[in-house]
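Novice: Chains A and B are the protein sequences, given in the same order.
Basically the working numbering = 1-based index in the first sequence + 112.
Basically the working numbering = 1-based index in the second sequence + 112.
Note that beta-carbon positions come from the ideal geometry of N, C-alpha and C, so glycine has one too.
Below you'll find the structure I mean.
2 protein chains.
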Amino acid sequence: MSLSIAHLGPTGTYAEAAALAYSQWLTQETGQQSFLCSYPSIAQTLQAVANGEASLGVVPIENSLEGSVTMTMDALWRLDNLQIQQSLILPIAHALLSCAEDLTLIRTIYSHPQALAQCQGWIDKFLPSAQLVPTNATTEALQHLEQDKTSGAIASQRAAQLYNLPILACPINDYPDNHTRFLVVSLNPSSSGSHTSLAFSVPANVPGALAKLLHIFASRNINLSRIESRPTKRSLGEYLFFIDIEANANVPSIQSALTELKLHTETLKIFGSYPILPINSNNQDKTERDTLNEETFQ
Amino acid sequence: MSLSIAHLGPTGTYAEAAALAYSQWLTQETGQQSFLCSYPSIAQTLQAVANGEASLGVVPIENSLEGSVTMTMDALWRLDNLQIQQSLILPIAHALLSCAEDLTLIRTIYSHPQALAQCQGWIDKFLPSAQLVPTNATTEALQHLEQDKTSGAIASQRAAQLYNLPILACPINDYPDNHTRFLVVSLNPSSSGSHTSLAFSVPANVPGALAKLLHIFASRNINLSRIESRPTKRSLGEYLFFIDIEANANVPSIQSALTELKLHTETLKIFGSYPILPINSNNQDKTERDTLNEETFQ
Numbered sequence: 113m114s115l116s117i118a119h120l121g122p123t124g125t126y127a128e129a130a131a132l133a134y135s136q137w138l139t140q141e142t143g144q145q146s147f148l149c150s151y152p153s154i155a156q157t158l159q160a161v162a163n164g165e166a167s168l169g170v171v172p173i174e175n176s177l178e179g180s181v182t183m184t185m186d187a188l189w190r191l192d193n194l195q196i197q198q199s200l201i202l203p204i205a206h207a208l209l210s211c212a213e214d215l216t217l218i219r220t221i222y223s224h225p226q227a228l229a230q231c232q233g234w235i236d237k238f239l240p241s242a243q244l245v246p247t248n249a250t251t252e253a254l255q256h257l258e259q260d261k262t263s264g265a266i267a268s269q270r271a272a273q274l275y276n277l278p279i280l281a282c283p284i285n286d287y288p289d290n291h292t293r294f295l296v297v298s299l300n301p302s303s304s305g306s307h308t309s310l311a312f313s314v315p316a317n318v319p320g321a322l323a324k325l326l327h328i329f330a331s332r333n334i335n336l337s338r339i340e341s342r343p344t345k346r347s348l349g350e351y352l353f354f355i356d357i358e359a360n361a362n363v364p365s366i367q368s369a370l371t372e373l374k375l376h377t378e379t380l381k382i383f384g385s386y387p388i389l390p391i392n393s394n395n396q397d398k399t400e401r402d403t404l405n406e407e408t409f410q
Numbered sequence: 113m114s115l116s117i118a119h120l121g122p123t124g125t126y127a128e129a130a131a132l133a134y135s136q137w138l139t140q141e142t143g144q145q146s147f148l149c150s151y152p153s154i155a156q157t158l159q160a161v162a163n164g165e166a167s168l169g170v171v172p173i174e175n176s177l178e179g180s181v182t183m184t185m186d187a188l189w190r191l192d193n194l195q196i197q198q199s200l201i202l203p204i205a206h207a208l209l210s211c212a213e214d215l216t217l218i219r220t221i222y223s224h225p226q227a228l229a230q231c232q233g234w235i236d237k238f239l240p241s242a243q244l245v246p247t248n249a250t251t252e253a254l255q256h257l258e259q260d261k262t263s264g265a266i267a268s269q270r271a272a273q274l275y276n277l278p279i280l281a282c283p284i285n286d287y288p289d290n291h292t293r294f295l296v297v298s299l300n301p302s303s304s305g306s307h308t309s310l311a312f313s314v315p316a317n318v319p320g321a322l323a324k325l326l327h328i329f330a331s332r333n334i335n336l337s338r339i340e341s342r343p344t345k346r347s348l349g350e351y352l353f354f355i356d357i358e359a360n361a362n363v364p365s366i367q368s369a370l371t372e373l374k375l376h377t378e379t380l381k382i383f384g385s386y387p388i389l390p391i392n393s394n395n396q397d398k399t400e401r402d403t404l405n406e407e408t409f410q
């Protein structure tokens, strides 16, 4: 039976590229066939998995420049029953797509505000007088290109392939280290792997509550590889904490920390222990580049 | 001499309402006159203060539903020389603005995606078949209303006043507790007040570094009222930590914690000690309501 993999759409987004990479890995490693289903938001992607409408979901959790993806954290907390099966990291390379014959003809650049911000230095250098127009999705920017040959759009190399649009320059992001980490989630319990994720709320108005909880980990020399807070949405200044631990939840020191944590938290949710997927992102990136328009400007 | 207060524009945004409330408080409390200058982004607002182009800046730092405003944190870290003078909390009440005679005539609702998301429950109940159209700023939504009497926009009550547009319903946000906390920053050193904010980066690849740093606070029973991480933008998995402490930096236990912290962090930045401004947001909200269009639907 082929598995359905939910992801944020439309085609050409980085989330679809991550789901595709995961689907290919799944076939290679286990022989399992799968197909992708796109959803209009991260919340709807995770809801589809929680409902059993999709077998797996692939969602972004953090980017090396933008930080945490808060929609993913809020939905994981709210939906309650999702478990993290794997984590995978994908490089993000922004490209300038345009039907213009060369860079000097470009007057307007369309893209998602985050993509525009991530390429600001390159734009200032090569297209300082171009007008920047924010769009809601990276791929929404593409619809302007064919009608207006003085316009460009910042999108992925995969979007250029899918929509058959020329790449004038790539990569154009200012920080070379631009990666997004994705989570693969499902309803299956997950307990094997080197990383554990959890989240908790603390009783309101207990002074020192956070310090006490962090001490549970510090006193056992447990390193937290990530700590993030999110608002409880009840009152300003009340937070949920999301923590990643570089260890399996069955390790005795972690088990004892989790037992103690349960006594001092209001709600504790454990999203499972999971491996970091050995997807060789450089190879994948290289293959994508090789099949791309040769006008690529390095 | 009148002081200039930088804020994110255009007129009608919640950031302008916060700057206005601060300006009024300043006149009442100190007799100091001030005027507002709007900037197109949070980064440019803070840059203007860092350059000495504006005397003060008012920027959002966290919202009770959406969490931290990452642009503010990134700019505070990058600009280096800004100090927090005050913190103030403003209620956020979304209103449905429209030239339609009544709710049943509305076919399309324009607003910023966050505002649309925060009113989703209300929309599902009262306008379930309306088409939702995201815009880049809450106020950008307003330009559609006069031409198209079947359209509505979600914006602030102040925007309704400024653009002279009728309010059909208010408040329409699903969570009644919707507040945004703003910071007032300047180049002046700040050392008086009950709250201290700081941020630090930790040396890369030192296992247990975060646990050790948190232990510095926990072992002194110092409660952290907020902890947030941001990516360093160097490499995925490397973070800066932003911490708020409910105490003045001159309290001996905090001084000793900061001295120890300095030894174990790569870079430590202290944004000052400051008070929470006693702006009575309910009164301010009431005054605004009283002067508003009477069609308000409660």
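#1: Strictly by DSSP, which residues pair up with residue 381 of chain A?
#2: Could you spell out the range, first to last residue, of the alpha helix (DSSP H) harbouring residue 266 of chain A?
#3: At 4 residues or longer, what runs of the alpha helix (DSSP H) sit wholly inside the segment 148-174 of chain B?
#4: Within 8 Å (strictly less), CB to CB, does residue 394 of chain A reach chain B?
#5: Give, in chain order, every residue of the segment 121-152 of chain B whose Cβ lies closer than 9 Å to some Cβ of chain A.
#6: Consider the Cβ of residue 373 of chain A: report whether some Cβ of chain B lies at a distance smaller than 8 Å.
#7: Report the rounded CA-to-CA distance for residue 149 of chain A versus residue 291 of chain A, giving the unit in angstroms.
#8: Check this for me: beta carbons of residue 201 of chain B and residue 293 of chain B, under 8 Å apart or not?
#9: What are the boundary residues of the alpha helix (DSSP H) that includes residue 186 of chain B?
#10: Please report the straight-line C-alpha distance between residue 354 of chain B and residue 298 of chain A, rounded to a whole angstrom.
#11: Closer than 8 Å, Cβ to any Cβ of chain B: which residues of the segment 337-349 of chain A, in chain order?
#12: Assuming residue 198 of chain B and residue 386 of chain B are in contact, meaning their beta carbons sit under 8 Å apart, how far apart are those beta carbons, in whole angstroms?
#13: Rounding to the nearest angstrom, what Cα-Cα distance links residue 190 of chain A and residue 230 of chain A in this structure?
#14: Checking contacts by CB at 8 Å: is residue 275 of chain A closer than that to chain B?
#15: Return no unless some Cβ of chain B is closer than 8 Å to the Cβ of residue 400 of chain A.
#16: Below 7 Å on C-beta distance, what does residue 293 of chain A contact in chain B?
#17: Put residue 207 of chain B into one of helix, strand or coil per three-state DSSP.
#18: Does the CB of residue 179 of chain A have a neighbour CB from chain B at under 8 Å?
#19: Within 10 angstroms of the Cβ of residue 225 of chain A, are there 16 or more other Cβ atoms? Answer buried if so, exposed if not.
#20: Taking only three categories from DSSP, how would you classify residue 233 of chain B?
#21: So what does DSSP say about residue 331 of chain A, is it helix, strand or coil?
#22: Would residue 316 of chain B count as contacting chain A if we go by Cβ distances under 8 Å?
#23: Could you work out which residues of chain B lie near residue 289 of chain A, taking near to mean beta carbons separated by less than 9 Å?
#24: For the segment 179-209 of chain A, list every residue whose C-beta sits within 7 Å of some C-beta in chain B, in sequence order.
Specialist: So, from the listed chains and residues:
#1: Bridge partners of residue 381 of chain A: A/311.
#2: Careful: residue 266 of chain A lies outside any alpha helix (DSSP H), inside the beta strand (DSSP E) at 263-267.
#3: Taking only runs of at least 4 residues, the alpha helix (DSSP H) segments lying wholly in the segment 148-174 of chain B are 154-163.
#4: Note on residue 394 of chain A: pLDDT 42, under 50, position unreliable in the model; no value is reported.
#5: Of all residues in the segment 121-152 of chain B, none has a Cβ within less than 9 Å of some Cβ in chain A.
#6: Not an interface residue.
#7: Each residue's Cα considered, the two are about 23 Å apart.
#8: Their beta carbons are under 8 Å apart, which means residue 201 of chain B touches residue 293 of chain B by this criterion.
#9: From DSSP, the alpha helix (DSSP H) with residue 186 of chain B extends over 182-191.
#10: Rounded to whole angstroms, the separation of the alpha carbons of residue 298 of chain A and residue 354 of chain B is 32 Å.
#11: Of all residues in the segment 337-349 of chain A, 337, 338, 339, 340, 341, 342, 343, 345, 346, 347, 348 and 349 have a Cβ within less than 8 Å of some Cβ in chain B.
#12: The pair is a contact, with the Cβ atoms about 6 Å apart (cut-off 8 Å).
#13: The alpha-carbon atoms of residue 190 of chain A and residue 230 of chain A are separated by roughly 31 Å.
#14: Under the Cβ criterion of 8 Å, residue 275 of chain A is not counted among the residues facing chain B.
#15: Because residue 400 of chain A sits at a pLDDT of 37, beneath the cut-off of 50, its placement in the model cannot be relied upon, and the point is left open.
#16: Result: 348.
#17: In the three-state DSSP reduction, residue 207 of chain B falls in the strand class (E or B).
#18: Closer than 8 Å: yes.
#19: Exposed is the call here.
#20: Residue 233 of chain B sits in a helix when the DSSP states are folded into three classes.
#21: Of the three classes helix, strand and coil, the one that applies to residue 331 of chain A here is coil, per DSSP.
#22: Chain A, which has no Cβ nearer than 8 Å to the Cβ of residue 316 of chain B, makes this no.
#23: Neighbours of residue 289 of chain A in chain B, taken as residues whose beta carbon is under 9 Å from its own, are 345, 346, 347 and 348 in chain order.
#24: Here the close residues are 179, 182 and 201.
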